[in-house]
Structures are given as C-alpha cells and as structure tokens.
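The next block holds one structure in the form of structure tokens; read it before the comments.
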Ligand SMILES: NC(=O)c1ccc[n+]([C@@H]2O[C@H](COP(=O)([O-])OP(=O)(O)OC[C@H]3O[C@@H](n4cnc5c(N)ncnc54)[C@H](O)[C@@H]3O)[C@@H](O)[C@H]2O)c1
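In the numbering used here, the protein residues as written are 24 to 326.
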C-alpha cells in the first residue's frame with residue numbers, strides 16, 4: 024500500500040492510547056476511519072481530533088460502541104461500518120484494543136484471566152473474521168494485529184506473573200504469522216502485520232482497571248492510579264510516536280513491526296539467549312525507566 028489517502032480504515036480501541044493516535048494519523052493522511060471502543064465519550068474526543076487533523080471536510084470518521092470480545096457485537100459493528108461508508112469493502116483493519124489482567128493462573132480469578140484473554144486474543148480473532156470478506160472485497164487490504172513484546176517474551180519481571188496477557192499476545196502473534204501465508208495463498212492483495220510494542224506511554228493500566236473482570240476495592244484503585252501515572256509518564260515512547268512507527272511499517276509492507284528501541288533490544292536479547300529469557304536481567308531492557316522511577320518513589324515514601 025503506497026498511501027492511506029481515500030482508504031477505508033477500521034480501528035478497534037480508538038478511544039485512547041495508540042488506537043486514538045492511529046485514528047488521528049490515518050485521518051490526517053486522508054483515510055476514512057471507523058473506530059470502536061467501550062467509551063463513547065473518549066471516541067468523541069478522538070473523532071474531534073481526527074476531524075481537525077483531516078486534510079478535507081469529506082474525510083468520514085465514525086464511532087461505534089462495541090466490546091471486541093463479543094463476536095455478535097463485532098458483526099453489528101462491521102455492518103454499521105459498511106453502512107457508514109456506503110461500501111462493501113474496507114482496506115485496513117487495526118485490531119488494536121487490549122487490556123491486562125489475569126496475572127497469575129494460581130492466585131487470580133478465572134474471570135480476570137478469561138476477560139484478558141477474550142479481549143486480547145478473541146478480540147483480534149472476531150475482528151478478523153467479521154471484516155475478512157470486506158477486506159477481500161477491496162482492491163488492496165491490510166490486517167494489522169497488535170501483539171506485544173509479551174507475544175515473544177512472557178514476562179514483565181521475575182517476580183510478577185503475567186500469564187493471561189502473555190498467552191493472549193503469543194496467540195495473536197501466532198495467529199497473525201499464520202495469516203501471512205493464508206492471505207498469500209487465498210487473498211494475495213491483503214497484507215498482514217503483527218505489531219509488537221515495547222513500553223508505550225498510554226493509560227492501559229487505568230483502562231484495564233475500568234474494563235476488567237471486577238470492580239477494584241478503594242485501596243486497589245488508589246494503588247493502580249499511581250501505577251497508571253508511572254506507567255504513562257516513564258515510558259520511553261509516546262502513543263503518538265508509536266502510531267507513526269506502526270503506520271510507517273504498514274506502508275513499508277513489514278509483516279513484523281517492533282515498536283520502540285526497548286522492543287528491538289528485547290527481541291534481539293531473547294533470540295540471542297533464549298535459555299536466559301526468564302532469568303531476571305531482561306526486564307531491565309523493557310522497564311529501565313519505570314524501575315528507576317519506582318525506586319525513587321519508594322525512597323520518597325519511606326525515607
Ligand atoms: N502501552 C503499552 O506499553 C503496550 C505495549 C505492548 C502492547 N500494547 C497493546 O497495544 C494495544 C493498545 O493499548 P494502549 O497501550 O494504547 O492502551 P489504551 O488502554 O490506552 O487503549 C486501549 C483502548 O482499547 C479500549 N478497549 C479495551 N477493552 C476493549 C474492548 N473489550 N472492546 C473495545 N475496546 C476496548 C480501551 O477503552 C482503550 O481505549 C493493546 O492491545 C495493548 O495490549 C500496549
């Protein structure tokens with residue numbers, strides 16, 4: 024694909040973070056964009072930003088409340104998108120929505136584990152299935168599935184279980200890699216990319232708390248709000264820059280898109296010494312800034 028101008032793009036999780044920035048940058052490049060999310064208010068903000076960034080007033084932006092883990096809801100979303108653009112096809116599908124949860128299969132609830140897996144993996148699967156015919160009906164299509172560095176390295180540190188998210192992100196990576204051949208054989212005009220971001224400054228911690236499997240207690244909520252701020256403020260890359268890397272990767276036809284120097288370094292380190300992947304040192308590549316900030320905070324609190 025040489026340009027996004029005039030293309031019809033679909034972005035899941037367009038309310039905040041990388042999804043919002045993808046919507047805005049696609050609109051700025053002249054694409055018509057439909058997004059879904061759980062929050063109508065945040066999508067309205069994204070839509071206003073996208074409309075302001077668009078080069079012309081006939082760029083269409085539409086918002087749709089939809090839970091990506093619900094296959095029936097995704098089919099309704101698909102029908103609404105085709106109606107909004109009066110079209111039988113879409114060109115681009117960004118299966119971006121995700122949240123964390125279900126850290127431990129031993130101590131966390133079954134609901135928390137399932138919620139994370141169903142949003143992060145089934146959301147990608149239902150999105151692909153819902154829009155497949157419309158992508159194949161296009162002259163030129165592209166499926167972009169967001170995995171993570173946790174799609175090739177199942178850890179966020181030696182003392183913090185991260186099982187549901189890692190399992191889901193490995194599944195997204197495997198599914199998407201398999202789609203590369205499936206599309207080459209059955210729909211060669213539809214490209215495929217798997218996105219593997221490192222640590223990006225978004226509100227994923229807060230959103231995971233809001234849209235997870237259960238209400239948190241006040242104490243848990245307070246703790247998570249601090250964690251969210253630190254995760255956002257100490258990331259080495261912004262959501263805006265991450266979206267640019269993703270869109271550049273799609274235009275370059277890359278099937279694997281690593282986002283951030285930390286992701287590139289971690290990919291190289293895990294490949295160079297897979298046996299050492301879970302021995303403790305690798306998480307410093309990913310969370311160097313965050314670890315330093317956390318240590319500073321602990322010092323301030325307990326000095
Ligand atoms: N931020 C990071 O460091 C990081 C790293 C690697 C991968 N990722 C992945 O990148 C993607 C985007 O995350 P982000 O960091 O921009 O987070 P974010 O929380 O800012 O954005 C995710 C969006 O998805 C929406 N969403 C959540 N569950 C949904 C559901 N069931 N249905 C519809 N929408 C839903 C949220 O409301 C939110 O607007 C996710 O798949 C995430 O797992 C993020």
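Heads up, the beta-carbon is just placed ideally off N, CA and C, and yes, glycines get one too.
heavy atom of ligand 1 below 7 Å from residue i C-beta
| i | result |
| --- | --- |
| residue 89 | yes |
| residue 222 | yes |
| residue 45 | no |
| residue 36 | yes |
| residue 225 | yes |
| residue 20 | Absent from the structure is residue 20, since the part of the chain shown begins at 24 and ends at 326. |
| residue 261 | no |
| residue 41 | yes |
| residue 119 | yes |
| residue 169 | yes |
| residue 183 | no |
| residue 230 | yes |
| residue 244 | no |
| residue 65 | yes |
Buried or exposed by the 16-neighbour rule on C-beta atoms within 10 Å, applied to residue i
| i | result |
| --- | --- |
| residue 130 | exposed |
| residue 230 | buried |
| residue 188 | buried |
| residue 44 | buried |
| residue 285 | buried |
| residue 195 | buried |
| residue 209 | exposed |
| residue 212 | exposed |
| residue 220 | buried |
| residue 272 | buried |
| residue 90 | buried |
| residue 67 | exposed |
| residue 138 | buried |
Identity of the residue in the options nearest residue i by Cα
| i | options | result |
| --- | --- | --- |
| residue 249 | 181, 227, 270 | 227 |
| residue 37 | 280, 168, 268, 61 | 61 |
| residue 159 | 135, 113, 179 | 113 |
| residue 39 | 176, 309, 115, 225 | 225 |
| residue 124 | 179, 295, 32 | 179 |
| residue 262 | 35, 41, 27 | 41 |
| residue 143 | 314, 234, 115, 82 | 234 |
| residue 35 | 146, 67, 24 | 146 |
| residue 107 | 81, 92, 93 | 81 |
| residue 310 | 297, 283, 323 | 283 |
| residue 167 | 150, 92, 111 | 150 |
| residue 110 | 156, 127, 96 | 156 |
Same chain, Cβ closer than 7 Å to residue i, five either side skipped, listed in chain order
| i | result |
| --- | --- |
| residue 73 | 46, 47, 50, 56, 84 |
| residue 277 | 216 |
| residue 290 | 175, 281 |
| residue 203 | 215, 278 |
| residue 303 | 181 |
| residue 328 | There is simply no residue 328 to check, as the chain begins at 24 and stops at 326 in what is shown. |
| residue 94 | 149 |
| residue 255 | 224, 225, 226 |
| residue 292 | 305, 308 |
Closer than 7 Å: residue i CB and nearest ligand 3 heavy atom
| i | result |
| --- | --- |
| residue 267 | As for ligand 3, it is missing from this structure, which binds only ligand 1. |
Chain-order list of residues whose beta-carbon lies under 8 Å from that of residue i (same chain, five-residue window excluded)
| i | result |
| --- | --- |
| residue 9 | For the chain, the structure presents residues 24 to 326; residue 9 sits outside this window and is missing. |
| residue 240 | none |
| residue 65 | 38, 39, 43 |
| residue 133 | none |
| residue 223 | 40, 41, 258, 260, 261, 262, 265, 282, 283 |
Contacts around residue i, its chain only, beta-carbon distance under 6 Å, and the 5 residues preceding and following it disregarded
| i | result |
| --- | --- |
| residue 140 | 187, 191 |
| residue 279 | 217 |
| residue 288 | 308 |
| residue 54 | 27, 30, 32 |
| residue 78 | 53 |
| residue 59 | 35, 87, 89, 100 |
| residue 21 | It is not possible to answer for residue 21, since the shown part of the chain is limited to 24 through 326. |
| residue 206 | 213, 215 |
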